[in-house]
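Chemist: For reference, the structure I am asking about is given below.
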Amino acid sequence: MPKIGDIELPEFPLLLAPMEDVSDPPFRALCKEQGADVVYTEFISSEGLIRDAAKSVMKLDIYEKERPVGIQIFGANLESMLQSVEIVEKSNPDIIDINFGCPVKKVVSKGAGAGILKDIDLMVSLTKAMVERTHLPITVKTRLGWDHDSIRIVEVAERLQDVGCKAISIHGRTRVQMYKGVADWAPIAAVKNNSRMHIPIFGNGDVDTPEAAMKMRNEYGLDGAMIGRASIGYPWFFKEVKYFLATGKHLAPPTMEERVEAARRHLQMAIDWKGEKLGVFETRRHYTNYFKGIPNFKEYRMKMVTSDAASDVFDAFDEVLQKFGDHVFEAH
1 MPKIGDIELP EFPLLLAPME DVSDPPFRAL CKEQGADVVY TEFISSEGLI
51 RDAAKSVMKL DIYEKERPVG IQIFGANLES MLQSVEIVEK SNPDIIDINF
101 GCPVKKVVSK GAGAGILKDI DLMVSLTKAM VERTHLPITV KTRLGWDHDS
151 IRIVEVAERL QDVGCKAISI HGRTRVQMYK GVADWAPIAA VKNNSRMHIP
201 IFGNGDVDTP EAAMKMRNEY GLDGAMIGRA SIGYPWFFKE VKYFLATGKH
251 LAPPTMEERV EAARRHLQMA IDWKGEKLGV FETRRHYTNY FKGIPNFKEY
301 RMKMVTSDAA SDVFDAFDEV LQKFGDHVFE AH
């Protein structure tokens, strides 16, 4: 069974990826209920934390029901990263994760996220300093390399392990690829199959069906799967993957009633946590997937994603249940 430091995990755990404006407490709670074994916060800027920026500090909110939970931070300045470790520790997470994989330009241009893949020595020294600064397990999320010609992930993973990193999640694309093309899991398997490695290696990228998760486990031999985009607006994905791994069969998809109930709870928790305006706005991206596959749905989706008042969105949920309550969904 894989372990992150002293945290024992089940066989082939499923991890909720850290996603900006997605992996917030309301969504993490839903994913946890549906079988996510480890959840990560949205990625948090170390510079934002030490400046006490409200948005960064708010992302530190974690709750007992979501443990084990990791707080993910990014940055390229050693002093800022070390200061942010001390701030993060006060939230008492189970894990601190370093983002060495975000491909977004505004992060990369500062040398953070996947930008650090151009300077592996800095990546390793930063990790080492953070391991030495905290009693919490430090994990890393990264990509295969900056571009196709600079993939050295087997060596990089070894070096990260050697300075005390407790687990590595690897997205099977380079920074140059962003999210295009197909994720290549073979280099991640090469990391796992390196006889020197003894920490968990989790695969990430294109785990968008239960079959993909099974392939990652059975054919590539990885320790677990980190799931990102496939879970947006569909927290049941974790449960469906677990069922498929255990039985080889597809779990019946959630009913319309279950979808509306989840969407309602999601929106209400978001409003409770960050207020009506932000709660309504940041939950919008989930609705397409909550109600995917319903014919002639555009009118209702538009109402959900353009209404600024929570009451209008809740009304739209009621209308959907009334009009499409009998709709039968196909397996995900």
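So for the sequence shown, full-length UniProt numbering puts the first residue at 1; every next one is plus one.
Ideal placement from N, C-alpha and C gives every residue a C-beta, glycine not left out.
All figures in this text were calculated on a predicted structure; none of them were measured in a lab.
On a CA-only basis, which of Gln177, Glu319, Thr209 is nearest Val260? Give me that one, please.
Modeler: Working through the sequence shown from its first residue, we reach residue 260 at position 260. Per the Cα distances, Glu319.
Chemist: So, are the CB atoms of Lys141 and Pro18 less than 9 Å apart?
Modeler: Within the sequence shown, numbered from 1, the residue matching residue 141 stands at position 141. Within the sequence shown, numbered from 1, the residue matching residue 18 stands at position 18. Cβ distance < 9 Å, so Lys141 and Pro18 count as in contact.
Chemist: Thinking Ile188 and Leu222 are a contact (beta carbons under 8 Å), I'd like their distance in whole angstroms, please.
Modeler: Position 188 of the sequence shown, counted from the first residue, corresponds to residue 188. Position 222 of the sequence shown, counted from the first residue, corresponds to residue 222. That belief holds up - the Cβ atoms of Ile188 and Leu222 are roughly 6 Å apart, short of 8 Å.
Chemist: Based on Cα-Cα distance, which residue from Ser231, Asp149, Met130, Ala186 lies nearest to Gln161?
Modeler: For the purposes of this step, residue 161 is identified with residue 161 of the sequence shown, where counting begins at 1. Taking only the C-alpha atoms, the option nearest Gln161 is Met130.
Chemist: What first and last residue would you give for the beta strand (DSSP E) that runs through Met226?
Modeler: Taking the first residue of the sequence shown as 1, we reach residue 226 at position 226. 224 to 227 is the span of the beta strand (DSSP E), which, as asked, contains Met226.
Chemist: Using only alpha-carbon positions, find the residue among Leu16, Asp61, Thr247 that is nearest to Gly35.
Modeler: Sequence index remark: in the sequence shown, residue 35 carries index 35 (1-based). Nearest option by C-alpha distance: Leu16.
Chemist: Please tell me whether Asp274 and Asp308 are closer than 9 Å, where the distance is taken between their beta carbons.
Modeler: If you number the sequence shown from 1, residue 274 lands on position 274. If you number the sequence shown from 1, residue 308 lands on position 308. Looking at the sequence provided, one finds Lys at residue 274 rather than Asp. Not a contact, by the Cβ cut-off of 9 Å.
Chemist: Do you know whose CA, among Ile116, Glu282, Pro295, lies nearest Ala263's CA?
Modeler: Residue mapping note: residue 263 aligns to position 263 of the sequence shown, counting from 1. Selected option, being the one with the closest Cα: Glu282.
Chemist: Per DSSP, which one or two residues make a beta bridge with Gln72?
Modeler: As a working note, residue 72 is residue 72 in the sequence shown. Per DSSP, Asp97.
Chemist: Could you tell me the distance, in whole angstroms, from the CA atom of Ile170 to the CA atom of Phe314?
Modeler: Stepping through the sequence shown from its first residue, residue 170 is reached at position 170. Stepping through the sequence shown from its first residue, residue 314 is reached at position 314. Their backbone Cα atoms lie some 38 Å apart in a straight line.
Chemist: Any heavy atom of the ligand HEM closer than 8 Å to the CB of Glu282?
Modeler: You won't find the ligand HEM in this model; it holds no ligand whatsoever.
Chemist: Take the Cβ of Arg173 as the centre, count every other Cβ of all protein chains shown within 10 Å, and call the residue buried at 16 or more, exposed below.
Modeler: One-based indexing of the sequence shown puts residue 173 at position 173. Buried is the call here.
Chemist: Since Ile188 is in the beta strand (DSSP E), which residue starts that stretch and which ends it?
Modeler: Working through the sequence shown from its first residue, we reach residue 188 at position 188. Counting along the chain, Ile188 falls outside any beta strand (DSSP E), though it belongs to the alpha helix (DSSP H) covering 186 to 192.
Chemist: Going by DSSP, which residues form a beta bridge with Leu15?
Modeler: Taking the sequence shown and counting its residues from 1, one reaches residue 15 at position 15. Val38, Met226, per the DSSP bridge assignment.
Chemist: Under a three-way DSSP split, which group does Gly248 fall into?
Modeler: The residue you call residue 248 lines up with position 248 of the sequence shown. Gly248: coil per DSSP, three-state reduction.
Chemist: Check whether the region 60 to 80 and the region 109 to 128 are in contact - that is, three or more C-beta pairs closer than 8 Å.
Modeler: They touch, by the three-pair rule.
Chemist: Just to confirm my understanding: we take Tyr300, look at its own chain, exclude 5 residues before and 5 after, and list those with CB closer than 6 Å. What are they?
Modeler: The residue given as residue 300 occupies position 300 in the sequence shown. Only Ala316, Val320 meet the Cβ criterion.
Chemist: Examine the Cβ distances between the region 194 to 201 and the region 149 to 166 and report whether three or more of them are shorter than 8 Å.
Modeler: At 8 Å Cβ cutoff, the stretches touch.
Chemist: Report the residue from Ala270, Ala114, Arg67, Val156 whose alpha carbon sits nearest the alpha carbon of Ser91.
Modeler: Along the sequence shown, read from residue 1 onward, the residue named residue 91 stands at position 91. Checking every option, the nearest Cα to that of Ser91 belongs to Arg67.
Chemist: Report the three-state DSSP secondary structure of Glu219 (helix, strand or coil).
Modeler: By one-based count along the sequence shown, residue 219 stands at place 219. Glu219 falls in the coil class under three-state DSSP.
Chemist: Beta carbon of Tyr40, beta carbon of Gly70: below 9 Å?
Modeler: Taking the first residue of the sequence shown as 1, we reach residue 40 at position 40. Taking the first residue of the sequence shown as 1, we reach residue 70 at position 70. In this structure, Gly70 lies closer than 9 Å to Tyr40 by Cβ.
Chemist: Helix, strand or coil for Thr255 per DSSP?
Modeler: Start at 1 with the first residue of the sequence shown, and residue 255 comes out as number 255. Residue state, collapsed to three classes: coil.
Chemist: Run through the region 111 to 194 for me and flag every whole alpha helix (DSSP H) of 4 or more residues, listed as ranges in chain order.
Modeler: With a minimum length of 4 residues, the continuous alpha helix (DSSP H) runs that stay inside the region 111 to 194 are 120 to 133, 153 to 162, 186 to 192.
Chemist: Expressed to the nearest angstrom, what Euclidean distance is found between the alpha-carbon atoms of Leu267 and Val154?
Modeler: Against the sequence shown, residue 267 aligns to sequence position 267. Against the sequence shown, residue 154 aligns to sequence position 154. One C-alpha to the other measures close to 42 Å.
Chemist: Using a Cβ-Cβ cutoff of less than 8 Å, which residues in the same chain neighbour His250 once the five nearest sequence positions on both sides are dropped?
Modeler: Numbered from 1 along the sequence shown, position 250 holds the residue referred to as residue 250. Closer than 8 Å at the Cβ level, and outside the excluded window around His250, lie Pro210, Glu240, Tyr243, Phe244, Ala331, His332.
Chemist: Within 10 angstroms of its Cβ, does Ser56 collect 16 or more other Cβ (buried), or is it exposed?
Modeler: In the sequence shown, the residue the question calls residue 56 occupies position 56. The residue is buried, with at least 16 neighbouring Cβ atoms inside 10 Å.
Chemist: Classify Ile232 as helix, strand or coil using the three-state DSSP reduction.
Modeler: Reading the sequence shown from its first residue, position 232 is the one you call residue 232. Coil at Ile232, not helix or strand.
Chemist: Quick check on this structure: which residue in Lys292, Tyr234, Ile7, Pro2 has the alpha carbon closest to the alpha carbon of Ser23?
Modeler: The residue given as residue 23 occupies position 23 in the sequence shown. Ranking Lys292, Tyr234, Ile7, Pro2 by Cα distance to Ser23 puts Tyr234 first.
Chemist: Helix, strand or coil, according to DSSP, for Phe291 in the structure here?
Modeler: As a first step, residue 291 must be located in the sequence shown, where it is residue number 291. Looking at Phe291 - three-state DSSP - the assignment turns out to be coil, as it is neither helix nor strand.
Chemist: What span of residues does the beta strand (DSSP E) with Ile201 cover, start to end?
Modeler: Position 201 of the sequence shown, counted from the start, is the residue given in the question as residue 201. Counting along the chain, the beta strand (DSSP E) containing Ile201 begins and ends at 201 to 204.
Chemist: Hey, how far is the Cα of Asp326 from the Cα of Ser80?
Modeler: Taking the first residue of the sequence shown as 1, we reach residue 326 at position 326. Taking the first residue of the sequence shown as 1, we reach residue 80 at position 80. Cα to Cα, the separation comes out at about 54 Å.
Chemist: Apart from the five residues on each side of it in sequence, which residues of its chain come closer than 6 Å, Cβ to Cβ, to Met269?
Modeler: The residue you call residue 269 lines up with position 269 of the sequence shown. Excluding residues within five positions, the ones whose Cβ falls inside 6 Å are Pro26.
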